[in-house]
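*Asks:* Mapping of the sequence shown onto mature numbering (1 follows the signal peptide of the UniProt record, and there is no 0): residues -26 to -1, 1 to 263, in sequence order.
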Amino acid sequence: MKHKFVTALCVMSAAILIGNAGIVFAEEKAVETQEASTEKTDNVLEDGIYTAEFDTDSNMFHVNEAKDGKGILTVKDGAMTIHVSLVSKSIVNLFPGLAEDAKKEGAEILEPTTDEVTYSDGYTEEVYGFDIPVPVLDEEFDVALLGKKGKWYDHKVSVSNPVPASEEEAEAFQGKTAKDLGLEDGNYTAKVSLEGGSGKATVESPAKLTVKDNEITAVIKWSSPNYDYMVVDGEKYEMTNKEGNSTFEIPVAGFDAALPVKANTVAMSEPHEIDYTLKFDSESLKEEK
């Protein structure tokens, strides 16, 4: 009887120890989960414009020295994109992913912008820049590049240390707004330049502009009737005409800064979105009476 009682006590003690161990393990898991959740939350930026470090695995593919290793990181609706100015025009395209996927039909290739950089000695030159989607901060991700010889190369890049951009940096990136320029509601014209694609397409310049409540809308008339829609800042815009060259009304964030757009062409065997960059010249602004 005594032996049975001792055995029962041992079983109960073991059960209590196992139960307590389970509680401790559960508490540790809860703490780990909470810490991971907090870390993930801390890694999410509020919508806005930041400067951030852009690092690569190559001495041939990196930010221009005039930019001190940094790019402009834009966050909108939680999606992050970094604009980086490179060292030259030798890299003609980028792809957010692996080189083998960049070669596949329908791959969304990143087209360059033409950026003007100024070095410490005052010398200025034009180089290519790119708007690169950023899936995560402080971790490496894949970006493939296409050189002038037509070969794709795999690279690893990372974006880190985002800091809210100053007013000057934000204005230089976003351009001058209608409010910055003191534009009253009304109709205007301004010269517009187009980059990207094969280089064959053009847009009518000067373009007609409408300003209302500090919002700018531009009429973009292409040199071809083969575009059926445009995409600006993630929004789709349909043609405003039924005959003649493709015409659209699109929003313009600001003057004197690159405005990335997509235009869908139906001239190929299959419809295809092409990346372009528009830039509106504030010095050419004229009010229409």
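Think of the CB as a built atom: it goes at the ideal place given N, C-alpha and C, for glycine as much as any other residue. Note that the structure is a prediction, hence the values are computed from the model and not measured.
Spatial neighbours of Lys153 within its chain, please: CB distance less than 8 Å, with the 5 preceding and 5 following residues excluded, ordered by chain position.
*Replies:* Asn188
*Asks:* Please determine, among Met54, Ala118, Glu74 and Tyr211, the residue with the shortest C-alpha to C-alpha distance to residue 289.
*Replies:* Coverage of the chain is limited to positions -26 through 263, which leaves residue 289 absent and any answer about it impossible.
*Asks:* Using CA atoms only, rank isn't needed, just tell me which of Ala26, Ser220 and Phe222 is closest to Asp112.
*Replies:* Just measuring C-alpha positions, the residue of Ala26, Ser220 and Phe222 sitting nearest Asp112 is Ala26.
*Asks:* Specify, as a first and last residue, the run of the alpha helix (DSSP H) that Asp128 falls within.
*Replies:* That residue, Asp128, is in no alpha helix (DSSP H); its beta strand (DSSP E) goes Trp126 to Pro138.
*Asks:* Taking 8 Å as the limit between beta carbons, can you name the residues of its chain near Thr176, skipping five residues before and five after?
*Replies:* So the list reads Leu168, Trp196 and Ser197, once near-sequence residues are dropped.
*Asks:* Under 8 Å by Cβ, that's how I've got Ile248 and Ala232 pegged, so tell me the actual separation to the nearest angstrom.
*Replies:* The Cβ separation is near 16 Å, so there is no contact.
*Asks:* Can you give me the C-alpha to C-alpha distance between Val58 and Thr98, rounded to a whole angstrom?
*Replies:* 16 Å
*Asks:* What are the complete beta strand (DSSP E) segments, minimum 3 residues, inside the region 148 to 191?
*Replies:* 160 to 164, 166 to 170 and 181 to 186
*Asks:* Considering only residues of the same chain and omitting the five flanking positions on each side of Glu90, which have a CB-CB separation below 7 Å?
*Replies:* Thr98 and Glu100
*Asks:* Compare the C-alpha of Asp255 against each of Glu217, Thr151, Lys216 and Ile23 and name the closest.
*Replies:* Thr151
*Asks:* Report yes or no: do the region 77 to 84 and the region 43 to 59 share at least 3 C-beta pairs separated by less than 8 Å?
*Replies:* No, they do not touch.
*Asks:* Do Ala81 and Ala118 come within 7 Å of each other at the CB atom, strictly closer than that value?
*Replies:* no
*Asks:* Which word fits Pro225, buried or exposed, when buried means at least 16 other C-beta atoms lie within 10 angstroms of its C-beta?
*Replies:* exposed
*Asks:* Are there 16 or more other CB atoms within 10 angstroms of the CB of Tyr201, so buried, or fewer, so exposed?
*Replies:* Buried, because 16 or more other Cβ atoms sit within 10 Å of the Cβ of Tyr201.
*Asks:* Within 10 angstroms of its Cβ, does Glu217 collect 16 or more other Cβ (buried), or is it exposed?
*Replies:* Counting Cβ neighbours within 10 Å, Glu217 comes out exposed, since fewer than 16 surround it.
*Asks:* Which value, in whole angstroms, describes the spacing of the CA atoms of Phe28 and Pro86?
*Replies:* 17 Å
*Asks:* Do you know how far the Cα of Thr251 is from the Cα of Gly124?
*Replies:* Between Gly124 and Thr251, the alpha-carbon positions lie close to 22 Å from each other.
*Asks:* Judging by CA-CA distance, which residue of Ile46, Glu223, Asp31 and Val18 is the nearest neighbour of Glu143?
*Replies:* With distances taken between Cα atoms, Glu143 lies closest to Ile46.
*Asks:* Put Lys210 into one of helix, strand or coil per three-state DSSP.
*Replies:* DSSP, reduced to helix, strand and coil, places Lys210 within a strand of the structure shown.
*Asks:* Just the Cα atoms here: how many angstroms apart are Ser62 and Asp105?
*Replies:* Taking the straight line joining both Cα atoms gives about 16 Å.
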